[in-house]
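Residues in the first sequence are numbered consecutively from 81, following our numbering. We treat Cβ as the ideally placed atom computed from N, Cα and C, and that holds for glycine. Below is one structure, written out as structure tokens; the observations come after it.
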Amino acid sequence: MAAGKREILEMLRELAQLTLLEEENPQSFRVRAYESAEHAINAQTAELSALSLKELQQIEGIGKSTAEKIRELIETDRVQRLDELRAKHPQSVVALLRIQGLGPKMLGRLRAELGVQSLADLRRVLAEQRLRGLKGFGEKSEEKLRLAVAKLEEQGVLDRSPIADALPLAERILEELRAVPGVSHAQYAGSLRRFSETIGDIDIIVTASAAEPVMQALIRSSVVDRVLAQGEGKTSIVTRGEVQVDLRVVADHQLGAALLYFTGSKGHNIKLRQRALARGLTLNEYALSELDSGKVVASETEAAIYAALGLPFIPPVLREDGGEIEAAEAGRLPLPLPALLGDFHVHTELSGDARSSLREVVQSARARGYRALAITEHAEGTRAGVGRAQLLEQAAQIRSLQAELGTELRLLHGVELNIGPEGELDYDPEFRAQFDFCLASVHSHFELERAAQTQRIVRAMEDPSVRMIGHLAARHIGSGPGIELDLEAVLAAAERTGTALEINGSLERLDLSVDMLRVARQRRVALILTSDAHHEAELGRIQFAALNAQRAGVAPEQVVNAWPAPRMLDWLAAKRA
DNA sequence: GTCGTGAACGACATATACTATGTAGTATA
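Have a look at this one:
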């Protein structure tokens with residue numbers, strides 16, 4: 081099979097890693113070039129195997145050499161340069177790079193001077209205490225390496241955590257740190273603040289009158305398994321759940337610079353620092369200053385630093401080094417979504433897996449200023465599903481509640497239909513037609529092949545009762561990859577049938593994903609943000625959906641619940657042709 | 001490795017903290 085985007089990305093990643101071993105220098109131009117090519121390819125949405133050598137070179141960051149390697153991979157399924165490097169640096173050696181604290185230079189010396197070619201070799205020289213004999217190594221570095229090897233063998237390399245795990249953990253740690261006397265501000269930064277789907281480590285910024293008590297509070301926290309590093313300004317720990325947490329304590333007036341630095345991304349930071357240099361300024365995690373005099377230009381807020389660099393504030397979710405600085409400069413940053421006026425995927429205690437009463441959910445929606453709310457229990461096709469009699473009873477309750485509410489909040493009696501393996505839906509057409517709002521989603525048969533999955537979704541869309549497809553990919557971040565789909569075919573069907581697609585705000589799902597949204601925003605497909613709340617307190621999750629939409633650059637015009645209330649209500653009332 | 005300038009070559013490399021060693025490696029965004 082011809083290589084696709086995934087294979088090309090894997091090739092570039094491996095080239096970068098092997099070249100790192102080859103040159104023993106992380107700053108090598110080649111390593112950086114492969115990494116930037118990986119970045120460039122990742123941003124492509126076109127079918128790469130169809131691109132010629134020339135067309136590939138049109139992509140910024142792809143030159144002659146990389147373009148040739150990509151074509152070579154597509155045409156022959158192998159790359160000569162890669163094979164050569166693989167021969168020189170066997171997989172057993174590459175694997176050693178995953179040991180924390182072991183970089184390309186030390187690894188190079190272990191190979192050259194002690195003949196280490198695998199984890200087994202490394203374990204042997206550690207046992208024989210031969211490492212401490214090397215220049216620049218001592219007992220401590222030997223012990224540190226021994227510990228790192230043990231950790232790697234125990235449970236593999238530190239994995240990235242799904243955001244659904246990392247966010248609550250970060251909130252919990254922040255709560256502990258905020259309780260420390262002298263702390264004026266504590267928040268998370270890093271990929272968590274950029275709202276990435278998975279989080280490598282949790283970065284926390286604290287401003288406080290003194291750093292030491294804050295560091296001590298973290299080290300003594302019950303979540304801590306071990307301390308990796310501890311200095312005056314920075315402390316790193318690993319939690320018992322194997323998540324690394326980095327804490328920085330800075331002065332109040334440094335908060336903006338610290339946040340900017342620790343929020344990243346790395347590529348975004350480098351671009352900002354280069355931009356600073358071009359203006360005779362230098363940017364570090366403490367301040368933006370004049371290069372020659374050292375005079376501080378801005379440091380207190382991120383906005384002030386961006387402004388001093390001639391840029392508007394760039395929201396954290398956009399700081400991925402994906403052209404956002406250029407867009408900001410040209411005034412083309414995507415607009416944030418306006419206040420959302422409704423939620424169209426909410427469960428009450430009637431669903432077996434939800435907790436709040438109808439009244440509690442409605443109260444929460446009112447408090448949020450919503451103009452529309454769809455109550456959408458699971459239909460009978462799922463485990464937590466609800467039968468006809470109960471739904472009819474709920475319809476009556478909703479009618480009477482609506483009478484109390486007047487026009488302030490329009491209640492919709494909805495349901496979340498289950499899409500069966502063949503696209504079949506719950507109940508019967510007449511019963512489904514009674515609902516104000518039906519969404520349909522996949523909850524099982526994830527293993528069907530791509531064509532069958534696409535077909536079942538399209539069939540569901542063609543049913544006149546279905547207004548929206550819920551969590552299209554049916555994935556669970558970190559555990560279930562979801563179903564394979566022909567996204568273009570699904571989008572075409574959504575356009576044709578006027579079916580909206582959900583942006584589900586549950587942190588386990590975040591579905592449509594950012595990648596899918598980037599494709600969907602090119603089409604005339606209506607999108608609806610939802611919380612998929614199973615408790616009244618979870619209505620706020622709709623903001624996570626909004627972050628995902630913003631990250632993908634979705635325009636407000638495409639989002640039904642970002643429209644003015646009359647237009648949104650018209651859309652809901654409209655019967656499909 | 002890429003890219004821009006000018007047709008082969010030079011420029012490109014942000015800024016800092018921590019650790020274990022006595023200058024450098026590794027790590028972080």
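With respect to the beta strand (DSSP E) encompassing residue i, which residues constitute its N-terminal and C-terminal limits?
{"i": "H425", "result": "G422 to V426"}
{"i": "Y268", "result": "V263 to Y268"}
{"i": "L162", "result": "Careful: L162 lies outside any beta strand (DSSP E), inside the alpha helix (DSSP H) at Q160 to K168."}
{"i": "N641", "result": "No beta strand (DSSP E) contains N641, which DSSP labels as neither H nor E."}
{"i": "R191", "result": "Counting along the chain, R191 falls outside any beta strand (DSSP E), though it belongs to the alpha helix (DSSP H) covering P184 to L194."}
{"i": "S316", "result": "K314 to T319"}
{"i": "E322", "result": "From DSSP, E322 is part of no beta strand (DSSP E); its letter is neither H nor E."}
Can the beta-carbon of residue i be found less than 9 Å from the beta-carbon of residue j?
{"i": "A632", "j": "L420", "result": "no"}
{"i": "G47", "j": "F515", "result": "Nothing can be reported for residue 47, as the shown portion of the chain is limited to 81 through 657."}
{"i": "L489", "j": "V442", "result": "yes"}
{"i": "A600", "j": "L567", "result": "yes"}
{"i": "L98", "j": "L162", "result": "yes"}
{"i": "E473", "j": "H427", "result": "no"}
{"i": "P744", "j": "E103", "result": "Outside the modelled stretch of the chain, which goes from 81 to 657, sits residue 744, for which no answer is possible."}
{"i": "A573", "j": "G562", "result": "no"}
{"i": "L590", "j": "N628", "result": "yes"}
{"i": "E365", "j": "F342", "result": "yes"}
{"i": "L199", "j": "A230", "result": "no"}
{"i": "T278", "j": "I253", "result": "no"}
{"i": "I537", "j": "F424", "result": "no"}
{"i": "L363", "j": "L340", "result": "yes"}
{"i": "P293", "j": "V323", "result": "no"}
{"i": "A580", "j": "I549", "result": "yes"}
To the nearest angstrom, report how far apart residue i and residue j are at their CA atoms.
{"i": "L497", "j": "M541", "result": "12 Å"}
{"i": "E251", "j": "L327", "result": "13 Å"}
{"i": "P418", "j": "F624", "result": "14 Å"}
{"i": "L190", "j": "L214", "result": "9 Å"}
{"i": "I317", "j": "P396", "result": "24 Å"}
{"i": "L352", "j": "L361", "result": "10 Å"}
{"i": "R178", "j": "D239", "result": "11 Å"}
{"i": "D543", "j": "D506", "result": "11 Å"}
{"i": "L398", "j": "G374", "result": "30 Å"}
{"i": "A338", "j": "V330", "result": "7 Å"}
{"i": "F275", "j": "S611", "result": "16 Å"}
{"i": "G403", "j": "V594", "result": "16 Å"}
{"i": "A167", "j": "L131", "result": "30 Å"}
{"i": "G181", "j": "A228", "result": "8 Å"}
{"i": "N122", "j": "E616", "result": "38 Å"}
{"i": "S302", "j": "E90", "result": "39 Å"}
{"i": "G270", "j": "Q354", "result": "20 Å"}
{"i": "I622", "j": "A483", "result": "26 Å"}
{"i": "V205", "j": "L225", "result": "11 Å"}
{"i": "A520", "j": "V546", "result": "6 Å"}
Quick one: grab the DSSP three-state call for residue i.
{"i": "E90", "result": "helix"}
{"i": "F517", "result": "strand"}
{"i": "A331", "result": "coil"}
{"i": "E457", "result": "strand"}
{"i": "E233", "result": "helix"}
{"i": "Q443", "result": "helix"}
{"i": "A660", "result": "Missing from the structure shown is residue 660; the chain here goes from 81 to 657 and no further."}
{"i": "I142", "result": "coil"}
{"i": "A464", "result": "coil"}
{"i": "I279", "result": "strand"}
{"i": "A309", "result": "strand"}
{"i": "P395", "result": "coil"}
{"i": "T381", "result": "coil"}
Around the Cβ of residue i, are there at least 16 other Cβ atoms within 10 angstroms (buried) or fewer (exposed)?
{"i": "D433", "result": "exposed"}
{"i": "T487", "result": "exposed"}
{"i": "T156", "result": "exposed"}
{"i": "T125", "result": "exposed"}
{"i": "D508", "result": "exposed"}
{"i": "S586", "result": "buried"}
{"i": "D283", "result": "buried"}
{"i": "A297", "result": "buried"}
{"i": "A96", "result": "buried"}
{"i": "G344", "result": "buried"}
{"i": "Q533", "result": "buried"}
Kindly indicate the opening and closing residues of the alpha helix (DSSP H) around residue i.
{"i": "N628", "result": "I622 to A632"}
{"i": "A367", "result": "Careful: A367 lies outside any alpha helix (DSSP H) and carries neither H nor E."}
{"i": "I701", "result": "The structure shown does not extend to residue 701, since the chain is modelled only from 81 through 657, so no value can be given for it."}
{"i": "T534", "result": "R530 to E542"}
{"i": "V111", "result": "F109 to N122"}
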